[in-house]
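J.:
Protein chains: 2
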Amino acid sequence: MTPVVFSVASCLSFPANRYGVFMTHNASILVVEDDPALSRLICYNLEKQGYDVRLAGDGHTALDQISRRIPDLVLLDWMLPSISGLEVCRQLREQPKTKSIPIIMLSARGQETDSVRGLEIGADDYLIKPFGMETLFARVKAMLRRLPPSGNVLKFDALVLDRVAHKVERNGRLLPLGPTEYRLLEFLMTHPGQVFSREELLEQAWERSSCVELRTVDVHIRRLRQTLNAGEEKDLIRTVRARGYALDMPQD
Amino acid sequence: MTPVVFSVASCLSFPANRYGVFMTHNASILVVEDDPALSRLICYNLEKQGYDVRLAGDGHTALDQISRRIPDLVLLDWMLPSISGLEVCRQLREQPKTKSIPIIMLSARGQETDSVRGLEIGADDYLIKPFGMETLFARVKAMLRRLPPSGNVLKFDALVLDRVAHKVERNGRLLPLGPTEYRLLEFLMTHPGQVFSREELLEQAWERSSCVELRTVDVHIRRLRQTLNAGEEKDLIRTVRARGYALDMPQD
DNA sequence: CAACCGGTGTCATAAAAGTTACACACTTTA
DNA sequence: TAAAGTGTGTAACTTTTATGACACCGGTTG
Chain A
12 MTPVVFSVAS
22 CLSFPANRYG
32 VFMTHNASIL
42 VVEDDPALSR
52 LICYNLEKQG
62 YDVRLAGDGH
72 TALDQISRRI
82 PDLVLLDWML
92 PSISGLEVCR
102 QLREQPKTKS
112 IPIIMLSARG
122 QETDSVRGLE
132 IGADDYLIKP
142 FGMETLFARV
152 KAMLRRLPPS
162 GNVLKFDALV
172 LDRVAHKVER
182 NGRLLPLGPT
192 EYRLLEFLMT
202 HPGQVFSREE
212 LLEQAWERSS
222 CVELRTVDVH
232 IRRLRQTLNA
242 GEEKDLIRTV
252 RARGYALDMP
262 QD
Chain B
12 MTPVVFSVAS
22 CLSFPANRYG
32 VFMTHNASIL
42 VVEDDPALSR
52 LICYNLEKQG
62 YDVRLAGDGH
72 TALDQISRRI
82 PDLVLLDWML
92 PSISGLEVCR
102 QLREQPKTKS
112 IPIIMLSARG
122 QETDSVRGLE
132 IGADDYLIKP
142 FGMETLFARV
152 KAMLRRLPPS
162 GNVLKFDALV
172 LDRVAHKVER
182 NGRLLPLGPT
192 EYRLLEFLMT
202 HPGQVFSREE
212 LLEQAWERSS
222 CVELRTVDVH
232 IRRLRQTLNA
242 GEEKDLIRTV
252 RARGYALDMP
262 QD
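Protein chains in written order, with our numbering: chain A, 12 to 263; chain B, 12 to 263.
1) Take the Cβ of alanine 241 (chain B) as the centre, count every other Cβ of all protein chains shown within 10 Å, and call the residue buried at 16 or more, exposed below.
2) Taking all protein chains shown into account, decide if alanine 169 (chain B) is buried (16 or more other Cβ within 10 angstroms of its Cβ) or exposed.
3) Can you list, in chain order, the stretches of the alpha helix (DSSP H) that have 4 or more residues and sit fully within the stretch 168 to 243 of chain A?
4) Nearest by alpha-carbon distance to lysine 108 (chain B): which of B:Arg80, B:Leu86 and B:Met144 is it?
5) Could you name the residues of chain A that valine 127 (chain B) contacts, counting a contact when the two beta carbons are closer than 7 Å?
6) From threonine 238 (chain A) to glutamine 205 (chain B), what does the alpha carbon distance come to, in whole angstroms?
7) Roughly how many angstroms separate the alpha carbons of isoleucine 77 (chain B) and arginine 120 (chain B), rounded to a whole number?
8) Using a Cβ cut-off of 8 Å, pull out every chain A residue sitting near alanine 257 (chain B), in sequence order please.
9) Buried or exposed: where does histidine 177 (chain A) fall if 16 or more other Cβ atoms within 10 Å of its Cβ makes it buried?
10) Arginine 209 (chain A) to alanine 253 (chain A), Cα distance in whole Å?
11) Considering only the beta carbon of each residue, do leucine 165 (chain B) and glutamate 197 (chain B) sit closer than 9 Å?
12) Using only alpha-carbon positions, find the residue among A:Leu186, A:Gln122 and A:Gln215 that is nearest to arginine 234 (chain A).
13) Among B:Leu212, B:Ser111 and B:Glu224, which residue has its Cα nearest to the Cα of glutamate 154 (chain A)?
14) If the cut is a Cβ gap below 8 Å, which residues of chain A does leucine 130 (chain B) touch?
15) Starting from the Cα of glycine 255 (chain B), find the closest Cα among A:Trp217, A:Pro190 and A:Val228 and give me that residue.
16) Please go through the same chain and pick out, in chain order, the residues whose beta-carbon is closer than 8 Å to the beta-carbon of serine 95 (chain A), but skip the five residues on each side of it.
17) Taking beta-carbon pairs under 8 Å, can you tell me which members of the stretch 182 to 212 of chain B lie near chain A?
18) Is it true that the CB of leucine 84 (chain B) sits closer than 9 Å to the CB of isoleucine 115 (chain B)?
19) Just to confirm, is the Cβ distance from valine 43 (chain B) to leucine 66 (chain B) under 9 Å?
20) Considering only residues of the same chain and omitting the five flanking positions on each side of phenylalanine 148 (chain A), which have a CB-CB separation below 7 Å?
21) Is DSSP giving aspartate 88 (chain A) helix, strand or coil here?
22) For arginine 226 (chain B), is the classification buried or exposed, using 16 other Cβ atoms within 10 angstroms of its Cβ as the cut-off for buried?
23) What does valine 251 (chain B) reach in chain A if we use C-beta pairs closer than 7 Å?
24) Please list the terminal residues of the continuous alpha helix (DSSP H) segment that includes arginine 249 (chain B).
25) Kindly list the residues whose CB is nearer than 7 Å to the CB of glycine 68 (chain B), restricted to its own chain and excluding five residues on each side of it in sequence; keep chain order.
26) Below 7 Å on C-beta distance, what does arginine 157 (chain A) contact in chain B?
27) Within 10 angstroms of its Cβ, does phenylalanine 33 (chain B) collect 16 or more other Cβ (buried), or is it exposed?
28) Check this for me: beta carbons of leucine 87 (chain A) and alanine 38 (chain A), under 9 Å apart or not?
Shown next as structure tokens:
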């Protein structure tokens, strides 16, 4: 299991763990589209561009996913089962947490009044189907370019650590961490999948000179786990007997 | 120092953009278009919408005008005498002062590769001629909505700070702030959500040369809180243990 | 000119938050 | 099953932050 080095334009190199989960700072895009053929085409191509792509097949699912984890950009089809794209857009613009998510609407409705309506209701761009993938990429890139300087953000699975805001979230849930737990997690997130001995963790997450018991690491790992997994979620910290700990995807 | 007292009533009629910053003036738009018929049509209609519209008939003039006064938005025709719109766009994106001006390209070139090229080079949107005025308005509005905070009035939640009047209010309640508290709040409001250490806050809200105890920041934060939250309102200042403070929405 | 007054910085102390050590239970390994 | 390695709860302890009191300073007022 050698670390795979994966490089994306304008991004640093990011190691992938053995489960193929890329730890990138790549923009996350939620594609909301009910036509499987089109959604597959879009997702496939966007993923090939290095984006972290999620898919929602209808309005409800979309709102649900967004409430759990806020994407950097939403591609939103107009015609959708359950809740229409227009309505999804309206609802997103209402809530403070979601109102500034960039939205590109996709629609077969090419009438001028349609695009105007979409933009009026809060969409940032409006693409008329059928559109070429190149056009989509260009629009997506142009939109992401204008994103407010995305603070130093580390991501691992649904774990997001924002170094500027000094906040950690898992699935949108804010995690109350103490300074040491924060440093510990920050270190682990910058080296995902790697196992560290207690000595190494003390070296990295504690003061250089501090002479602390090795066992202390256990306690902090435990507390980190407790906070991290509050909510019956899977344990992201792997214990390696006689070696140490690692931030890692659960086996099963 | 007189207590800061004022009313924002006069500002409230201005539209707020997505950053919560009120536009205290009408957005200025530079139209770069050599076809007199079209440019007149566009200018006339935009002015009727209340925008502060300027016109440039060719690339040189456009760059010249922009260097003299930076507009909020540029409508840029592709085909232009002297310097092409594409080149103007490229040059604008090169200089720090102009690189973040929103640009909507206008062009009769409807090929996919053209729009892609325009967007790649730095345009934020690309409209294919002929387009309806309604579409143009919608695109312009959508673009201006996303302008970063630059106004003289900062807003965060129900907190409003007017830099010109040098006054602050929350929920319509006037806040009597001292000079230091005002500077502190002003700085925090221009960087919402970000955590700053006491050193950074001293650097930003105090005189360069002043050598003041770090703990002094605590006291001023406390005074700021006291004034800000007089009225059983939620605390907008987040304490980050061992790091500093941030202006932030209460999470829970 | 002297008293007053709001704005500041500093200190001492209280309160809160986070860290460490330790005892012991539990689990895995040989 | 013994030995080694881990997990957990607790209590003492340390660090950091909140707060109230007070002295100083410059400007204004009577």
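For glycine and all other residues, C-beta sits at the position ideal for the given N, C-alpha and C.
T.: Based on what the coordinates show:
1) Here residue 241 (chain B) refers to the residue found at position 230 of the second sequence. Exposed: under 16 other Cβ atoms inside 10 Å.
2) The count along the second sequence starts at 1 and reaches residue 169 (chain B) at position 158. Label assigned to alanine 169 (chain B): exposed.
3) With a minimum length of 4 residues, the continuous alpha helix (DSSP H) runs that stay inside the stretch 168 to 243 of chain A are 190 to 201, 209 to 216 and 226 to 239.
4) By one-based count along the second sequence, residue 108 (chain B) stands at place 97. Ranked by Cα distance from lysine 108 (chain B), the first of B:Arg80, B:Leu86 and B:Met144 is B:Arg80.
5) In the second sequence, counting from the first residue as 1, residue 127 (chain B) sits at position 116. Here the neighbours are Glu145, Thr146 and Ala149.
6) Residue mapping note: residue 238 (chain A) aligns to position 227 of the first sequence, counting from 1. Residue mapping note: residue 205 (chain B) aligns to position 194 of the second sequence, counting from 1. Straight-line Cα distance between these residues: approximately 23 Å.
7) Position 66 of the second sequence holds residue 77 (chain B). Position 109 of the second sequence holds residue 120 (chain B). So the alpha carbons of these two residues sit roughly 25 Å apart.
8) Mapped onto the second sequence, residue 257 (chain B) falls at position 246. What alanine 257 (chain B) touches in chain A: Ala176 and His177.
9) Residue 177 (chain A) sits at position 166 when you count from the first residue of the first sequence. Answer is buried; the Cβ neighbour count reaches 16.
10) The sequence position of residue 209 (chain A) within the first sequence is 198, counting from 1. The sequence position of residue 253 (chain A) within the first sequence is 242, counting from 1. When only Cα atoms are considered, arginine 209 (chain A) and alanine 253 (chain A) end up about 10 Å apart.
11) As a first step, residue 165 (chain B) is located in the second sequence; it is residue number 154 there, counting from the start. As a first step, residue 197 (chain B) is located in the second sequence; it is residue number 186 there, counting from the start. The answer is yes: Cβ separation under 9 Å.
12) For the purposes of this step, residue 234 (chain A) is taken as the residue at position 223 of the first sequence. Ranking A:Leu186, A:Gln122 and A:Gln215 by Cα distance to arginine 234 (chain A) puts A:Leu186 first.
13) For the purposes of this step, residue 154 (chain A) is identified with residue 143 of the first sequence, where counting begins at 1. Note that residue 154 (chain A) is methionine in the sequence shown, not glutamate. Nearest C-alpha to methionine 154 (chain A) among B:Leu212, B:Ser111 and B:Glu224: B:Ser111.
14) As a working note, residue 130 (chain B) is residue 119 in the second sequence. Simply Ala149, Arg150, Lys152 and Ala153.
15) Within the second sequence, the letter at position 244 stands for residue 255 (chain B). Ranking A:Trp217, A:Pro190 and A:Val228 by Cα distance to glycine 255 (chain B) puts A:Pro190 first.
16) Position 84 of the first sequence, counted from the start, is the residue given in the question as residue 95 (chain A). Once the five neighbours on either side are set aside, the close Cβ partners of serine 95 (chain A) are Gly70 and Trp89.
17) Against chain A - using a Cβ distance shorter than 8 Å - the residues of the stretch 182 to 212 of chain B are Gly204, Gln205 and Val206.
18) Along the second sequence, one-based indexing puts residue 115 (chain B) at 104. Along the second sequence, one-based indexing puts residue 84 (chain B) at 73. Contact: yes.
19) Stepping through the second sequence from its first residue, residue 43 (chain B) is reached at position 32. Stepping through the second sequence from its first residue, residue 66 (chain B) is reached at position 55. In this structure, valine 43 (chain B) places its C-beta atom within 9 Å of the C-beta atom of leucine 66 (chain B).
20) By one-based count along the first sequence, residue 148 (chain A) stands at place 137. Result list for phenylalanine 148 (chain A): Gln60, in chain order.
21) Looking up residue 88 (chain A) in the first sequence gives position 77. In this structure, aspartate 88 (chain A) counts as strand in the three-state DSSP scheme.
22) Taking the second sequence and counting its residues from 1, one reaches residue 226 (chain B) at position 215. Arginine 226 (chain B) is exposed by the Cβ-count criterion.
23) Working through the second sequence from its first residue, we reach residue 251 (chain B) at position 240. Contact note: valine 251 (chain B) reaches chain A through His177, using a C-beta cutoff of 7 Å and chain order.
24) Stepping through the second sequence from its first residue, residue 249 (chain B) is reached at position 238. Counting along the chain, arginine 249 (chain B) sits inside no alpha helix (DSSP H); it lies in the beta strand (DSSP E) bounded by residues 248 to 251.
25) The sequence position of residue 68 (chain B) within the second sequence is 57, counting from 1. Excluding sequence neighbours, glycine 68 (chain B) sits near Asp45.
26) Position 146 of the first sequence, counted from the first residue, corresponds to residue 157 (chain A). Neighbours of arginine 157 (chain A) on chain B, chain order: Asp135 and Arg157.
27) By 1-based counting over the second sequence, the position of residue 33 (chain B) is 22. Confidence is the limiting factor: at phenylalanine 33 (chain B) the pLDDT is only 43, short of 50, which leaves the residue's position unreliable, though a coordinate-based value still follows. Answer is buried; the Cβ neighbour count reaches 16.
28) Within the first sequence, residue 87 (chain A) is the residue found at index 76, counting from 1. Within the first sequence, residue 38 (chain A) is the residue found at index 27, counting from 1. No, Cβ-Cβ distance for leucine 87 (chain A) and alanine 38 (chain A) is not below 9 Å.
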